[in-house]
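This report concerns only the one structure given below.
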Amino acid sequence: MSTIRIPNPAPCDGGRLDDPTPARALPGGSPPASGSKAGSEQVGDSPVGSPLAGDSSAGSERAGDSFAGVSVSGSTRVGSLPADSADLKDSDASLHDRFGRRMDYLRLSVTDRCNLRCTYCMPREGIDCVDRSEVLTWEEMYALCRLLTDCGLRKIRLTGGEPLVRSGVVGFLARLRDLPGPPERLLTTNATLLDQHLDGLTEAGVTRINVSLDSLRRDGYRSLTGRDLLEAAWRGIDAAADRGFSIKLNVVVITGVNAGEIADFVALTKDRDWTVRFIEAMPFDGLGGNPGDLLDGESILERIRDKFPIVRAEQEPMAVEETYRVPGYPGRIGLIRGHTRTFCGRCSRLRINAVGQMRTCLYAEPSLDLRELLRAGTPAEEIRRRIIEAVRDRHWDGWAAQEATEGRDACSMSRIGG
Ligand code: SAM
Ligand code: SF4
Ligand code: SF4
Numbered sequence: 007m008s009t010i011r012i013p014n015p016a017p018c019d020g021g022r023l024d025d026p027t028p029a030r031a032l033p034g035g036s037p038p039a040s041g042s043k044a045g046s047e048q049v050g051d052s053p054v055g056s057p058l059a060g061d062s063s064a065g066s067e068r069a070g071d072s073f074a075g076v077s078v079s080g081s082t083r084v085g086s087l088p089a090d091s092a093d094l095k096d097s098d099a100s101l102h103d104r105f106g107r108r109m110d111y112l113r114l115s116v117t118d119r120c121n122l123r124c125t126y127c128m129p130r131e132g133i134d135c136v137d138r139s140e141v142l143t144w145e146e147m148y149a150l151c152r153l154l155t156d157c158g159l160r161k162i163r164l165t166g167g168e169p170l171v172r173s174g175v176v177g178f179l180a181r182l183r184d185l186p187g188p189p190e191r192l193l194t195t196n197a198t199l200l201d202q203h204l205d206g207l208t209e210a211g212v213t214r215i216n217v218s219l220d221s222l223r224r225d226g227y228r229s230l231t232g233r234d235l236l237e238a239a240w241r242g243i244d245a246a247a248d249r250g251f252s253i254k255l256n257v258v259v260i261t262g263v264n265a266g267e268i269a270d271f272v273a274l275t276k277d278r279d280w281t282v283r284f285i286e287a288m289p290f291d292g293l294g295g296n297p298g299d300l301l302d303g304e305s306i307l308e309r310i311r312d313k314f315p316i317v318r319a320e321q322e323p324m325a326v327e328e329t330y331r332v333p334g335y336p337g338r339i340g341l342i343r344g345h346t347r348t349f350c351g352r353c354s355r356l357r358i359n360a361v362g363q364m365r366t367c368l369y370a371e372p373s374l375d376l377r378e379l380l381r382a383g384t385p386a387e388e389i390r391r392r393i394i395e396a397v398r399d400r401h402w403d404g405w406a407a408q409e410a411t412e413g414r415d416a417c418s419m420s421r422i423g424g
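The sequence shown begins at 7 in this note's numbering and counts up one residue at a time.
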């Protein structure tokens, strides 16, 4: 794999953060065992074959890697979902909205924390991270994934914040393999910590990774992210590609910042079979506005066409991006019109953020507080009913969702779960 030249990269420490969630038991579950690190679930960078990856009952007493609070057999509390998924299945178990769209893709934010500060996503200073006790534990997240899988979930993407700053994330992905199906497991990351997790991700059965990378220039990257970590990110991406992971690069395009690099990004597809996706900036920078002048999809396409004779490429089913390619290049180019919102008709995405708020659209207010339901010991059937109702009542598109949220506080994508 050829490597892009990065001018004089500085060494980086990766900026790893502690896991934000203390060990915690669900109602009706056994308490987390002693021996866990205070305030930290040292889960799952556990290898497959560890208690985490398989039977979570015996010999798995480190809180977090044991999923100690959640038994998947027994009573009907969500903290202890019925062992047989058939218990939860019925003819209308899958999630459909009133317009007939099916929601079978979960984007689960495992943390609101991040080791970068991308200008379009969160403010440089003064962003309050939620208290650790408010973040869903791995057990709670697993219980929700289990419940949704019984409702026909086909894909689970872990996102954030930066998912790899939460310890245990790779073990959690491995654990998701035990779900009925199992659903495909995917990851969106800034890649600065990726290289150290590739073995675990392979073992967890993850094959596709989306990476945010908004500049190929050290100064541009530093100014967009607030950190000098381009080399670390590139090392992670390159290593993942070498290991055979399918790579999609996400590039949020901002006028006067990185719009001048569009052609450089397209050029990456010349000798790499990656998809480079350009994303319209959305108003989720945590400050209440667009983080720069919006460069819309048409303007992005014009800039690409100025330099490359692109043609439409075959569309992935249910993909929210339009796909193009340069004839003769192995890679592909994607365009995500996240601000102009032209693809809502095929949106199948359900979002749960790190504190358990469920959204049926990025632009919508949360429609359910799943953490509250879980911690109140609500029966699984009742939680499922509430989810089915919320999905049914989903807005038609992001414009309708936004209209219904007039006056809401400035939102950060890291908090929503991008
Ligand atoms: N930290 C990981 C990363 O950056 O890939 C995962 C979380 S991030 C919030 C998920 C995706 O949201 C990234 O691709 C990022 O570029 C995108 N994103 C964040 N803020 C955005 C905004 N205001 N407009 C458009 N995309 C945004
Ligand atoms: Fe962090 Fe991802 Fe947001 Fe950038 S886009 S600040 S990497 S969560
Ligand atoms: Fe889905 Fe909302 Fe985005 Fe439209 S704006 S694609 S409905 S998340």
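Backbone N, C-alpha and C define an ideal beta-carbon position, used for all residues, glycine too.
Minimum Cβ-Cβ distance from residue i to chain C less than 9 Å
i      : result
ILE253 : No chain C appears in this structure, which consists of one protein chain only.
6 Å CB neighbourhood of residue i in its chain, flanking five on each side removed
i      : result
VAL257 : ASP220, PHE271, PHE284
ARG160 : ASP110, PRO189
GLY242 : ALA197, LEU200, ASP201
ALA410 : none
ARG400 : ASP103, THR366
GLY337 : THR275, ARG278, ASP279, TRP280
Check: residue i C-beta below 8 Å from any heavy atom of ligand 3
i      : result
ARG223 : no
PHE284 : no
ALA238 : no
TYR369 : yes
HIS401 : yes
GLY187 : no
Three-way DSSP call (helix, strand, coil) for residue i in this model
i      : result
PHE251 : coil
HIS102 : strand
PRO385 : strand
ASP184 : coil
TYR148 : helix
ASP277 : coil
SER115 : strand
LEU195 : The question names Leu, but residue 195 in the sequence shown is Thr. THR195 falls in the strand class under three-state DSSP.
GLN321 : coil
GLY340 : strand
TYR330 : strand
ARG108 : strand
ILE393 : helix
MET288 : coil
VAL258 : strand
SER418 : strand
Whole-angstrom C-beta distance between residue j and residue i, which should lie under 8 Å
i      : j      : result
TYR126 : ILE260 : 6 Å
MET128 : SER373 : Their Cβ separation, rounded to whole angstroms, is 23 Å, which puts MET128 and SER373 out of contact at 8 Å.
LEU380 : GLU146 : 5 Å
LEU164 : LEU204 : Their Cβ separation, rounded to whole angstroms, is 15 Å, which puts LEU164 and LEU204 out of contact at 8 Å.
Residues near residue i in its chain [Cβ-Cβ closer than 8 Å; skip 5 each side]
i      : result
SER354 : ARG107, ARG108, MET109, ASP110, TYR111, MET324
LEU182 : TYR148, CYS151, ILE162, PRO188, PRO189, ARG191, ALA210
ILE422 : SER115, PHE290, ARG357, ASN359, ARG365, LEU368
Distance cut-off 8 Å: residue i Cβ against heavy atoms of ligand 2
i      : result
GLU304 : no
TYR227 : no
LEU122 : yes
CYS135 : no
THR231 : yes
GLU327 : no
CYS417 : no
Residues near residue i in its chain [Cβ-Cβ closer than 7 Å; skip 5 each side]
i      : result
THR213 : PHE251, SER252
GLY167 : SER115, THR117, ASP118, ARG119, CYS120, ALA360, SER420
ILE12  : With a pLDDT of 40 at ILE12, under the threshold of 50, the modelled position of that residue is not reliable, and the figure given next carries that caveat. Excluding residues within five positions, the ones whose Cβ falls inside 7 Å are ARG224, LEU236, GLU237, TRP240.
SER40  : Confidence at SER40 is low in this model, with a pLDDT of 31, below 50, so the placement of that residue is unreliable and no value is reported for it.
Check: residue i C-beta below 8 Å from any heavy atom of ligand 1
i      : result
TRP195 : Going by the sequence as given, residue 195 is Thr instead of Trp. It does: the Cβ of THR195 is within 8 Å (strictly closer) of some heavy atom of ligand 1.
GLU168 : yes
THR261 : no
GLY174 : no
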